[in-house]
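Undergrad: My questions will all concern the structure given below.
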């Protein structure tokens with residue numbers, strides 16, 4: 284149950300918030316201080332945060348690629364078809 288709650292929590296995060304937490308986790312793991320079990324839990328959360336950040340970047344890239352320039356020089360956009 285806690286794992287599903289954590290995943291739902293991550294899904295609601297902005298890219299910037301997820302990246303900041305991921306950076307904190309990486310710093311803490313690099314320090315090598317703390318208990319092994321805590322490090323494993325942090326690593327697992329970090330992997331989920333990384334996947335979330337990659338998804339957000341992919342969505343942003345798709346939106347940028349959908350930006351179009353009309354004949355009159357008008358810039359518009361099309362909705363991205365993201366799965």
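In the numbering used here, the protein residues as written are 284 to 366. All residues carry an ideal CB built from backbone N, CA and C; glycine is no exception. All values reported here derive from a predicted model rather than from experimental measurement.
1) Can you tell me the Cα-Cα spacing of residue 348 and residue 341, whole angstroms?
2) Just checking my contact of residue 312 with residue 322 at CB under 8 Å: how many whole Å lie between their CB atoms?
3) Going by DSSP, name the residue or residues bridged to residue 293.
4) In angstroms, rounded to a whole number, what distance separates the CA positions of residue 295 and residue 324?
5) Could you name the residues of the same chain whose beta carbon sits closer than 7 Å to that of residue 336, not counting the 5 residues immediately before and after it, in chain order?
6) Any idea if residue 308 is buried or exposed, counting beta-carbon neighbours within 10 angstroms, 16 or more meaning buried?
7) In whole angstroms, what is the alpha-carbon distance linking residue 334 and residue 318?
8) I need the boundaries of the alpha helix (DSSP H) containing residue 341, first residue and last residue.
TA: Judging by the given coordinates:
1) Here residue 348 is taken as the residue at index 65 of the chain shown, counted from 1. Here residue 341 is taken as the residue at index 58 of the chain shown, counted from 1. One C-alpha to the other measures close to 11 Å.
2) Indexing the chain shown from 1 puts residue 312 at position 29. Indexing the chain shown from 1 puts residue 322 at position 39. Indeed, because the Cβ distance is near 6 Å, the residues count as touching under 8 Å.
3) For the purposes of this step, residue 293 is taken as residue 10 along the chain shown, with counting starting at 1. DSSP lists no partner for residue 293.
4) Residue numbering aside, residue 295 sits at position 12 when the chain shown is read from its first letter. Residue numbering aside, residue 324 sits at position 41 when the chain shown is read from its first letter. Using only the alpha carbons, I get a separation of about 20 Å.
5) As a first step, residue 336 is located in the chain shown; it is residue number 53 there, counting from the start. Same-chain partners within the cutoff: 298, 301, 302, 305.
6) By 1-based counting over the chain shown, the position of residue 308 is 25. It is buried - the Cβ of residue 308 has at least 16 other Cβ atoms within 10 Å.
7) Taking the first residue of the chain shown as position 1, residue 334 is located at position 51. Taking the first residue of the chain shown as position 1, residue 318 is located at position 35. The alpha-carbon atoms of residue 334 and residue 318 are separated by roughly 25 Å.
8) Within the chain shown, numbered from 1, the residue matching residue 341 stands at position 58. Where residue 341 is concerned, the enclosing alpha helix (DSSP H) stretches over 319-348.
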